[in-house]
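Asks:
Protein chains in written order, with our numbering: chain A, 5 to 255; chain B, 67 to 536.
1. So which residues of chain B does residue 87 of chain A contact, with C-beta pairs closer than 7 Å?
2. So, with DSSP's three-state summary, where would you put residue 178 of chain B?
3. Between the Cα of residue 52 of chain A and the Cα atoms of A:91, A:108, A:118 and A:12, which residue gives the shortest distance?
4. Quick one: residues in its chain with C-beta nearer than 8 Å to the C-beta of residue 237 of chain B, no 5 flanking neighbours on either side, listed in chain order?
5. When the Cα of residue 73 of chain A is compared with those of A:62, A:83 and A:82, which residue comes out closest?
6. Whole beta strand (DSSP E) runs in the region 233 to 314 of chain B with 3 or more residues, listed along the chain?
7. Would you check if the region 83 to 95 of chain A and the region 33 to 42 of chain A touch, i.e. whether three or more CB-CB distances between them fall below 8 Å?
8. Using DSSP's beta-bridge definition, name the partner residues of residue 70 of chain A.
9. If you draw a straight line from the alpha carbon of residue 356 of chain B to that of residue 484 of chain B, how long is it in whole angstroms?
10. Run down chain A in chain order and give the residues with a C-beta less than 7 Å from the C-beta of residue 468 of chain B.
11. Looking at residue 194 of chain B and residue 230 of chain B, is the spacing between their C-beta atoms short of 7 Å?
12. How would you write the range of the alpha helix (DSSP H) that residue 160 of chain A sits in, first residue to last?
13. Would you list the one or two residues that DSSP bridges to residue 38 of chain A?
14. Sort out for me which residues DSSP pairs residue 329 of chain B with in a bridge.
15. On a CA-only basis, which of B:353, B:128 and B:142 is nearest residue 296 of chain B? Give me that one, please.
16. Taking Cβ positions only, does residue 458 of chain B come closer than 7 Å to chain A?
17. Just the chain B side, please: which residues come within less than 9 Å of residue 81 of chain A by C-beta, in chain order?
18. Can you list, in chain order, the residues of its chain with a C-beta nearer than 6 Å to that of residue 50 of chain A? Leave out the 5 residues immediately preceding and following it.
19. How about residue 274 of chain A and residue 22 of chain A: do their beta carbons lie closer than 7 Å?
20. Should the region 312 to 326 of chain B be called in touch with the region 286 to 302 of chain B, which here means at least 3 C-beta pairs below 8 Å?
21. From this set, A:97, A:179 and A:158, which residue's C-alpha is nearest residue 189 of chain A's C-alpha?
22. Could you pull the start and end residues of the beta strand (DSSP E) that residue 385 of chain B belongs to?
23. With a Cβ-Cβ cutoff of 7 Å, do residue 185 of chain A and residue 213 of chain A count as a contact?
24. Any residues in the region 122 to 135 of chain A with a beta carbon nearer than 8 Å to a beta carbon of chain B? Which ones, in chain order?
25. Look at the alpha carbon of residue 93 of chain B and the alpha carbon of residue 283 of chain B, and state the distance between them as a whole number of angstroms.
26. For the region 166 to 199 of chain A, which residues have a CB atom closer than 7 Å to at least one CB atom of chain B, in sequence order?
27. Just the Cα atoms here: how many angstroms apart are residue 158 of chain B and residue 207 of chain B?
28. For a contact meaning CB atoms closer than 7 Å, what does residue 93 of chain A contact in chain B?
29. Buried or exposed for residue 138 of chain B, please, with buried defined as at least 16 other CB atoms from any protein chain shown within 10 angstroms of its CB.
30. May I ask which residues mark the beginning and end of the alpha helix (DSSP H) holding residue 49 of chain A?
31. On a Cα-Cα basis, can you pick out the residue from B:380, B:363 and B:376 that is closest to residue 390 of chain B?
32. Which residue comes first and which comes last in the beta strand (DSSP E) that contains residue 340 of chain B?
33. Report the neighbours of residue 84 of chain B on chain A: residues whose CB is nearer than 9 Å to its CB, in chain order.
34. Quick one: list the residues of chain B neighbouring residue 55 of chain A, beta-carbon separation under 7 Å, in chain order.
35. Check whether the Cβ of residue 52 of chain A lies closer than 7 Å to any Cβ atom in chain B.
36. Which residues in chain A have a C-beta closer than 9 Å to the C-beta of residue 481 of chain B? List them in chain order.
So this is what it looks like as structure tokens:
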């Protein structure tokens, strides 16, 4: 099992947002987590990535058999967890190239590997840029600074391509994308699939799932998974809306 | 000849010093300079040393500094030891004409007053007073205003030497001129440099002024610089301050800009006990532009006080201020930005920004913008922020596998880089970039680094940015 969330409770400033959530993700799988606004989707994603202030009050996050509840975010990244941000942060003054090079070399150091040579690094950049159809000028600019919404999201997938994670958690990567950008982002994710890796795709709409076909779809509502199914569940949700689920739960 | 500044109040000590040695102090004076000196001394007698009750010293406390005993050298100190190595230069792609000062006195080794191609003159002010009295009379003490400031009056009364530069009309000085002022003494030194920079019409100069200390003795440098820029002149001016933690540097620079002239000035404070940078810019000719930048990186109990006064005296001028600082431990900073737009100065553009990052609860910043506008067709803006490192950005960086310490450095460096990015001289920009990284990593030692000389002369300097190390 790659990722196991066991009876997970998450609180922010003492207020519980996720109430006893269970999820099993195996290598090779794509899971979609859907749900109305405010259901706790982003909270779950940020807690898995290790954001401070997202406290696991009980239960466990288990990655490759290891409980990582208290692991700092950089270590989670180094063992293969990647979070694609819903709102990527602008970092003026740090070029994307330097940012990625620093990240890759810190990860390599952690794994006992020598730093990547400049040549190898640049070749890799070139290759991965093409994967997400990212413009060269973006990599020389400061991270996300002045990027359009679409560029920011493509940049998340570009970083994912560079870091080659084992578990990718993509938090509303489709929000704010036009259809072309959506296709590029989805393509990127599909190309990066490996037999040993898995993706958890968080989305509000079914649109993205036409491109990234999930093995499982889960509906998150009020901090719990209230329904799970195959990809057809996403279609049903799109047709009937979330009211249908809410009624079912509240009934 | 040296004299000790002891007994009685700081002011009394200096008065005794002046009375006892006035002939020696004014030895190089022309009649004009002598007149100015005695006017300065008169003002010095009238004014009291400021305390924190004075509005402009409210957040900078001089009481400790003024309680120390200092020695003032009234003549050039006898030099021994390997002087050249103190001023040695080893920066690739960065050649300068050096004018070196040791303990406040111009070094004879670099030639008293160099005549360079195109009639450019650079060297000791004391010598220039004798050789070019008409230039001195036209510009010396014409822009400074000792009337209201005790330290300027004190400098005017006591100054004996400093940097003199004259660039004739239409001359672009190719190599940057670099003033290296090093304090290296076993006693607590009191220095009072006076610098005069004259740029002719359409001339161009890059000037780098480095203040370094090489040991851990206290010093008090009270320096005044006057810069005159005639029509169309361009000056890039860098101040690099890397002094020990018990040194005090008060420096006031007057920039007088005639029409279509353009100034870029950068104050970089990397280390120092108490530093006050006072930049006073007068935009006196139409179409002149001034960019005034500052970067300060302080820790321990270091204190830096940046004051900028920009006077828009005529129409169609632009001024831009950007000051950024990072404060660690119990360090403190002050920023005072005063923009004065006179009644006739229509179509003025004046912008001011001061941004600060506090790394601890005990670090402190006092920032105060002050806009005084009498014209009606004016674009002015100001903004001041004090904050911490951005937690969202820290998490974003860490989520890519970069450790907390590196993420913090990355953000601090990125914060500082905005100011470094404004620098126009590329080799110097790279060197400063490197120094800032070293400073942020805590690897910059005041005894080893000035912008031009390096700890290990055999060691090659690499300018490649390797963020994995910062």
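Quick reminder that beta carbons are idealized off the backbone N, C-alpha and C, glycines included.
Keep in mind that this is a model prediction, so the values were computed, not measured.
Replies: Let's see:
1. Against the first chain, residue 87 of chain A aligns to sequence position 83. Residues of chain B passing the Cβ test: 465.
2. Translated into the one-based positions of the second chain, residue 178 of chain B becomes position 112. Here residue 178 of chain B sits in coil by DSSP.
3. Sequence index remark: in the first chain, residue 52 of chain A carries index 48 (1-based). Comparing alpha-carbon positions, the option among A:91, A:108, A:118 and A:12 lying closest to residue 52 of chain A turns out to be A:12.
4. The residue given as residue 237 of chain B occupies position 171 in the second chain. Leaving aside the five residues that flank residue 237 of chain B on each side, the residues in its chain whose CB is nearer than 8 Å to its CB run, in chain order, 184, 185, 186, 266, 269 and 270.
5. If you number the first chain from 1, residue 73 of chain A lands on position 69. Nearest to residue 73 of chain A by alpha-carbon distance, out of A:62, A:83 and A:82, is A:62.
6. For the region 233 to 314 of chain B, whole beta strand (DSSP E) runs of length 3 or above, ordered along the chain, are 243 to 249, 255 to 257, 260 to 265, 270 to 279, 285 to 295 and 300 to 308.
7. By the Cβ test, the region 33 to 42 of chain A is not in contact with the region 83 to 95 of chain A, since fewer than three Cβ pairs between them sit closer than 8 Å.
8. The count along the first chain starts at 1 and reaches residue 70 of chain A at position 66. Paired residues: A:67.
9. Taking the second chain and counting its residues from 1, the one referred to as residue 356 of chain B is at position 290. Taking the second chain and counting its residues from 1, the one referred to as residue 484 of chain B is at position 418. Cα to Cα, residue 356 of chain B sits roughly 17 Å from residue 484 of chain B.
10. As a position in the second chain, residue 468 of chain B is number 402, starting the count at 1. Under the 7 Å cutoff, chain A gives 78, 106, 107 and 110.
11. As a position in the second chain, residue 230 of chain B is number 164, starting the count at 1. As a position in the second chain, residue 194 of chain B is number 128, starting the count at 1. Yes.
12. Counting from one through the first chain, the residue named residue 160 of chain A turns up at place 156. It spans 153 to 167 - the alpha helix (DSSP H) in which residue 160 of chain A sits, taken as one unbroken run.
13. Position 34 of the first chain, counted from the start, is the residue given in the question as residue 38 of chain A. Per DSSP, the beta bridge partners of residue 38 of chain A are A:207 and A:223.
14. Position 263 of the second chain holds residue 329 of chain B. B:301 and B:356.
15. Residue numbering aside, residue 296 of chain B sits at position 230 when the second chain is read from its first letter. The shortest Cα separation from residue 296 of chain B among B:353, B:128 and B:142 belongs to B:353.
16. Counting from 1 along the second chain, the entry for residue 458 of chain B is found at position 392. Output row for residue 458 of chain B: interface = yes.
17. Locating residue 81 of chain A in the first chain gives position 77, counting from the first residue. Near residue 81 of chain A (Cβ distances below 9 Å), the residues of chain B are 464, 465, 466, 467 and 468.
18. The sequence position of residue 50 of chain A within the first chain is 46, counting from 1. These residues qualify, in order along the chain: 58.
19. This structure cannot settle anything about residue 274 of chain A, because the visible part of chain A is limited to 5 through 255.
20. yes
21. In the first chain, the residue the question calls residue 189 of chain A occupies position 185. Scanning A:97, A:179 and A:158 for the CA closest to the CA of residue 189 of chain A turns up A:158.
22. As a working note, residue 385 of chain B is residue 319 in the second chain. From DSSP, the beta strand (DSSP E) with residue 385 of chain B extends over 384 to 393.
23. Within the first chain, residue 185 of chain A is the residue found at index 181, counting from 1. Within the first chain, residue 213 of chain A is the residue found at index 209, counting from 1. No, the Cβ-Cβ distance between residue 185 of chain A and residue 213 of chain A is not below 7 Å.
24. none
25. Taking the first residue of the second chain as position 1, residue 93 of chain B is located at position 27. Taking the first residue of the second chain as position 1, residue 283 of chain B is located at position 217. Put simply, the backbone Cα of residue 93 of chain B is about 29 Å away from that of residue 283 of chain B.
26. Listed in sequence order: 167.
27. Counting from 1 along the second chain, the entry for residue 158 of chain B is found at position 92. Counting from 1 along the second chain, the entry for residue 207 of chain B is found at position 141. Interpretation of residue 158 of chain B is limited by its pLDDT of 40, a score under 50 that renders its predicted location unreliable; the figure taken from the coordinates is listed afterwards. Approximately 37 Å, taken between the alpha carbons.
28. Taking the first residue of the first chain as position 1, residue 93 of chain A is located at position 89. Residues of chain B passing the Cβ test: 458, 459 and 462.
29. Position 72 of the second chain, counting from 1, holds the residue named residue 138 of chain B. Counting every other CB atom within 10 Å of its CB across the protein chains shown gives residue 138 of chain B a total of 16 or more, marking it as buried.
30. The sequence position of residue 49 of chain A within the first chain is 45, counting from 1. From DSSP, the alpha helix (DSSP H) with residue 49 of chain A extends over 45 to 53.
31. Within the second chain, residue 390 of chain B is the residue found at index 324, counting from 1. Per the Cα distances, B:363.
32. Here residue 340 of chain B is taken as the residue at index 274 of the second chain, counted from 1. Note, residue 340 of chain B: beta strand (DSSP E), 340 to 349.
33. Here the question's residue 84 of chain B lines up with position 18 in the second chain. The contacting residues do not exist; residue 84 of chain B stays about 49 Å from chain A at best.
34. For the purposes of this step, residue 55 of chain A is taken as residue 51 along the first chain, with counting starting at 1. In chain order: 461.
35. Numbered from its first residue, the first chain carries residue 52 of chain A at position 48. For residue 52 of chain A, the answer is no, since every Cβ of chain B falls outside 7 Å of its Cβ.
36. Working through the second chain from its first residue, we reach residue 481 of chain B at position 415. By Cβ distance, chain A contributes 96 and 97.
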